[in-house]
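Have a look at the structure below, then the notes.
Protein chains in written order, with the numbering used here: chain S, 7 to 350; chain Z, 10 to 331.
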């Protein structure tokens with residue numbers, strides 16, 4: 007999972023001192039994501055990426071935690087800002103680059119792009135844009151697993167406070183509870199649904215209050231605090247795995263980017279950026295690590311260099327690969343080829 | 010012994026549950042002694058414990074859950090209480106189920122049963138035929154069985170297919186349509202059937218409209234007019250070849266459908282015939298659909314809203330007079 011020269015040694019040394027046993031491992035996923043997404047943004051601004059780029063800036067701590075406590079056989083349905091969690095669950099960096107850059111060798115083969123990538127065969131689902139739709143799909147995966155006699159599995163899916171307001175989210179959350187499946191829903195309140203602030207999204211005091219209404223166990227967490235995010239999400243996953251009711255985790259944080267990289271987020275009032283929940287979790291964690299001496303500057307520098315080189319390599323590989331070709335595409339939306347409707 | 014259209018659907022589901030452990034049925038009020046609003050699953054929950062499951066009134070989540078289960082290798086059948094309510098699940102059907110294979114290479118074998126079409130007194134929200142909407146979107150197979158035999162074999166086919174299937178069963182046919190026995194085999198999926206041969210006019214129909222077309226064919230036959238009735242069976246894929254071969258024999262075409270008139274199955278058939286078989290036509294092709302209003306409640310209005318035998322006969326005479 008960790009690919010530095012000797013990250014295990016770095017981490018092992020500090021294991022006892024850090025606030026969570028997997029703290030430094032999580033920070034590696036966060037840092038890798040930050041380095042990668044900065045590269046994606048610059049490629050986008052340079053006109054090298056068609057479509058959009060959607061980053062998880064400010065949400066890396068929560069996202070990493072979402073991917074880290076899942077195991078083989080579990081289900082993970084990430085959403086728009088989950089690069090860190092996707093990587094932690096096992097997504098190869100190269101496929102992210104291939105998908106963003108439209109390589110025909112990417113798993114989506116140019117048929118879908120950016121954050122819509124997924125690997126259903128590994129348990130990592132490919133999101134659709136319609137918010138809340140994946141909750142019921144995860145519930146169905148879990149129901150299917152139970153019907154097949156599997157045991158000990160959980161499903162985790164993420165959403166934002168924006169997506170929490172759709173009908174699909176309501177139906178999906180409720181049906182998961184009715185089916186008593188081991189679902190964990192991690193909702194990051196990043197305070198903006200594209201350009202719409204919380205006061206036009208919902209009026210309950212805290213979204214976690216909804217947990218009780220759905221028969222879920224609810225948890226809140228400061229999403230800028232890596233140790234707390236790890237602890238709370240690990241606990242929610244463990245509760246679901248142990249047969250508890252579905253879990254709702256509501257993390258508070260600020261989206262530190264636009265909705266996508268086409269959006270400068272100029273509508274975010276500067277005052278909001280001073281809120282405690284508006285901190286940059288990557289910088290905050292890095293500072294804590296250095297202040298406590300859990301790692302030294304040289305090691306962090308080495309980690310960054312290593313991620314930069316990994317990212318450059320993935321991008322360079324994907325960039326020279328051919329894109330899909332219209333006339334070579336089979337244009338067939340059914341797996342049952344004899345049932346394709348032919349219009350001449 | 011005789012079997013109704015509704016019993017054929019129940020029997021098909023019973024056989025599927027018995028023979029394929031991956032199959033389960035998911036829908037509102039389908040379990041327990043109740044057995045569904047139309048009793049299409051009556052007795053099945055007792056016979057197959059844990060495999061006929063009641064759901065909350067959550068059409069979107071019912072289909073979403075079925076998609077997830079299908080990805081796990083199950084073969085869910087979703088029963089919508091009425092086709093009309095599948096509009097709540099459009100997003101899951103069109104955007105999730107319909108795109109999944111193309112996007113991820115993982116098939117999505119779900120079957121969604123839609124109790125479709127008008128019956129007296131059912132009104133705007135319990136009468137709709139939605140095959141045209143589903144056929145418009147990629148990634149779905151759309152079936153509209155018109156006979157007891159097809160209701161049975163096509164439901165077996167639907168569950169065997171690795172892709173999402175929208176199975177439109179017509180409520181008007183549930184009780185009064187009967188067959189002597191259930192068949193062991195049928196035409197392949199995607200093949201239309203010439204229900205009645207004729208030389209003067211091809212009437213292309215599907216679902217309950219096939220029976221109206223047949224009634225007209227019998228009636229006009231007494232006047233020496235021979236109508237060839239085609240039952241599309243599946244509207245997607247659409248069996249253009251069978252329709253064209255019929256028009257080649259008759260030179261005239263009328264398409265009848267219960268769906269609303271703007272676009273849809275009848276328009277598609279005419280577009281294909283005019284495009285691919287213009288030279289076969291001796292008269293302008295015509296189509297007859299329901300009226301472009303919501304479906305009325307009162308029987309007097311409903312009888313006129315949908316194409317009935319009288320309207321079909323009148324339109325047929327017009328085409329034949331050209």
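We put the CB at the ideal spot given by N, CA and C, even for glycine.
Run of the beta strand (DSSP E) containing residue 203 of chain Z, from where it starts to where it stops: Looking up residue 203 of chain Z in the second chain gives position 194. Taken as a continuous stretch (DSSP letters only), the beta strand (DSSP E) holding residue 203 of chain Z covers 202-205.
Beta-ladder partner(s) of residue 175 of chain Z, from DSSP: For the purposes of this step, residue 175 of chain Z is taken as residue 166 along the second chain, with counting starting at 1. Answer is Z:121 and Z:151, bridged to residue 175 of chain Z.
Kindly say whether residue 294 of chain Z, judged by its beta-carbon, lies nearer than 8 Å to any beta-carbon of chain S. Numbered from its first residue, the second chain carries residue 294 of chain Z at position 285. Chain S contact via Cβ: absent.
Am I right that residue 178 of chain S and residue 141 of chain S are in contact with their C-beta atoms under 8 Å? What's the rounded C-beta distance? By 1-based counting over the first chain, the position of residue 178 of chain S is 172. By 1-based counting over the first chain, the position of residue 141 of chain S is 135. Yes, residue 178 of chain S and residue 141 of chain S are in contact; Cβ-Cβ is about 3 Å, under 8 Å.
Which residues does DSSP list as the beta-bridge partners of residue 59 of chain Z? Translated into the one-based positions of the second chain, residue 59 of chain Z becomes position 50. In DSSP, residue 59 of chain Z forms no bridge with anything.
Report the rounded CA-to-CA distance for residue 186 of chain S versus residue 305 of chain S, giving the unit in angstroms. Reading the first chain from its first residue, position 180 is the one you call residue 186 of chain S. Reading the first chain from its first residue, position 299 is the one you call residue 305 of chain S. In a straight line, the C-alpha of residue 186 of chain S is about 45 Å away from that of residue 305 of chain S.
Can you give me the start and stop residues for the beta strand (DSSP E) that residue 289 of chain S sits inside? Mapped onto the first chain, residue 289 of chain S falls at position 283. Counting along the chain, residue 289 of chain S falls outside any beta strand (DSSP E), though it belongs to the alpha helix (DSSP H) covering 287-298.
Between Z:292, Z:312 and Z:298, which lies nearest to residue 330 of chain Z when the distance is taken from Cα to Cα? The count along the second chain starts at 1 and reaches residue 330 of chain Z at position 321. Checked all of Z:292, Z:312 and Z:298; the closest Cα to residue 330 of chain Z is Z:292.
Counting only beta-carbon atoms, is residue 8 of chain Z nearer than 8 Å to chain S? No answer is possible for residue 8 of chain Z: it lies beyond the span of chain Z, which begins at 10 and ends at 331.
On the DSSP bridge list, what partners appear for residue 209 of chain S? As a working mapping, residue 209 of chain S is identified with position 203 in the first chain. Its beta-bridge partners do not exist; DSSP assigns none.
Tell me which same chain residues have a C-beta within less than 8 Å of the C-beta of residue 223 of chain Z, skipping the five on either side of it? Stepping through the second chain from its first residue, residue 223 of chain Z is reached at position 214. For residue 223 of chain Z, where only same-chain residues beyond five positions count, the Cβ hits under 8 Å are 204, 205 and 238.
4 or more residues per run - each alpha helix (DSSP H) lying fully within the segment 193-265 of chain S: 215-220 and 232-247
Chain-ordered neighbours of residue 81 of chain Z on chain S, where CB pairs are closer than 7 Å: Indexing the second chain from 1 puts residue 81 of chain Z at position 72. Within 7 Å Cβ-Cβ: 147, 150, 151 and 154.
Is the beta carbon of residue 172 of chain Z closer than 8 Å to that of residue 242 of chain Z? In the second chain, the residue the question calls residue 242 of chain Z occupies position 233. In the second chain, the residue the question calls residue 172 of chain Z occupies position 163. No, the Cβ-Cβ distance between residue 242 of chain Z and residue 172 of chain Z is not below 8 Å.
If contact is defined by three or more beta carbon pairs under 8 Å, each pair taking one atom from either stretch, is the segment 112-126 of chain S in contact with the segment 33-48 of chain Z? no
Residue 305 of chain Z to residue 130 of chain Z span [Cα, whole Å]: Here residue 305 of chain Z refers to the residue found at position 296 of the second chain. Here residue 130 of chain Z refers to the residue found at position 121 of the second chain. In a straight line, the C-alpha of residue 305 of chain Z is about 8 Å away from that of residue 130 of chain Z.
In chain Z, which residues lie with their C-beta within 8 Å of the C-beta of residue 56 of chain S? Along the first chain, one-based indexing puts residue 56 of chain S at 50. Within 8 Å Cβ-Cβ: nothing; residue 56 of chain S doesn't reach chain Z, min ~17 Å.
Which of helix, strand or coil DSSP assigns to residue 210 of chain Z: The residue you call residue 210 of chain Z lines up with position 201 of the second chain. Strand, per DSSP.
Contact the segment 244-262 of chain Z vs the segment 98-110 of chain Z: 3+ CB pairs below 8 Å: no
Suppose you measure from the CA of residue 297 of chain Z to the CA of residue 51 of chain S; what does that come to, to the nearest Å? Reading the second chain from its first residue, position 288 is the one you call residue 297 of chain Z. Reading the first chain from its first residue, position 45 is the one you call residue 51 of chain S. Looking at the two C-alpha atoms, the distance is approximately 54 Å.
What's the gap between the Cα of residue 80 of chain Z and the Cα of residue 138 of chain S? Against the second chain, residue 80 of chain Z aligns to sequence position 71. Against the first chain, residue 138 of chain S aligns to sequence position 132. Cα-Cα distance, rounded: 18 Å.
Is there contact between the segment 63-70 of chain S and the segment 86-95 of chain S, where contact requires at least three CB pairs shorter than 8 Å? yes
Continuous beta strand (DSSP E) stretch holding residue 143 of chain S: start and end: Along the first chain, one-based indexing puts residue 143 of chain S at 137. Run containing residue 143 of chain S: none in the beta strand (DSSP E); it sits in the alpha helix (DSSP H), 139-153.
Taking C-beta to C-beta, are residue 11 of chain Z and residue 180 of chain Z nearer than 8 Å? In the second chain, residue 11 of chain Z corresponds to position 2, counting from 1. In the second chain, residue 180 of chain Z corresponds to position 171, counting from 1. No. Outside cutoff.
Candidates Z:315, Z:264 and Z:120, of which the one nearest residue 335 of chain Z by Cα: The question about residue 335 of chain Z has no answer, for chain Z in this structure spans 10 to 331.
When every heavy atom of the ligand SAM is checked, does at least one fall within less than 7 Å of the C-beta of residue 262 of chain S? As far as ligands go, the structure on display features none, and thus does not contain the ligand SAM.
According to DSSP, simplified to helix, strand and coil, what is residue 243 of chain Z? Against the second chain, residue 243 of chain Z aligns to sequence position 234. Of the three classes helix, strand and coil, the one that applies to residue 243 of chain Z here is strand, per DSSP.
Would you mind giving the Cβ-Cβ distance between residue 198 of chain Z and residue 240 of chain Z, rounded to the nearest angstrom? I have them listed as a contact below 8 Å. As a working note, residue 198 of chain Z is residue 189 in the second chain. As a working note, residue 240 of chain Z is residue 231 in the second chain. The Cβ separation is near 14 Å, so there is no contact.
Tell me which residues share the same chain as residue 243 of chain S and place their Cβ nearer than 8 Å to its Cβ, disregarding the 5 neighbours each side in the sequence. The residue labelled residue 243 of chain S in the question sits at position 237 within the first chain. Closer than 8 Å at the Cβ level, and outside the excluded window around residue 243 of chain S, lie 75, 76, 160, 162, 190 and 253.
DSSP three-state label for residue 33 of chain Z, please. Taking the first residue of the second chain as position 1, residue 33 of chain Z is located at position 24. If DSSP states are grouped into helix, strand and coil, residue 33 of chain Z belongs with the strands.
Under 8 Å: do the segment 214-230 of chain Z and the segment 80-97 of chain Z share three or more Cβ pairs, one atom per stretch? no
In the segment 110-134 of chain Z, which residues sit with their C-beta less than 7 Å from some C-beta in chain S, listed in chain order? 110, 111, 112, 113, 115 and 116
Determine the extent of the alpha helix (DSSP H) in which residue 321 of chain Z is found, giving its start and end residues. Residue mapping note: residue 321 of chain Z aligns to position 312 of the second chain, counting from 1. Taken as a continuous stretch (DSSP letters only), the alpha helix (DSSP H) holding residue 321 of chain Z covers 318-330.
Looking at residue 212 of chain S: is its Cβ nearer than 8 Å to the Cβ of residue 226 of chain S? Position 206 of the first chain, counted from the first residue, corresponds to residue 212 of chain S. Position 220 of the first chain, counted from the first residue, corresponds to residue 226 of chain S. Yes, the pair counts as a contact, with Cβ atoms nearer than the cut-off.
Sort S:295, S:293 and S:282 by Cα distance to residue 197 of chain S and report the nearest one. One-based indexing of the first chain puts residue 197 of chain S at position 191. Selected option, being the one with the closest Cα: S:282.
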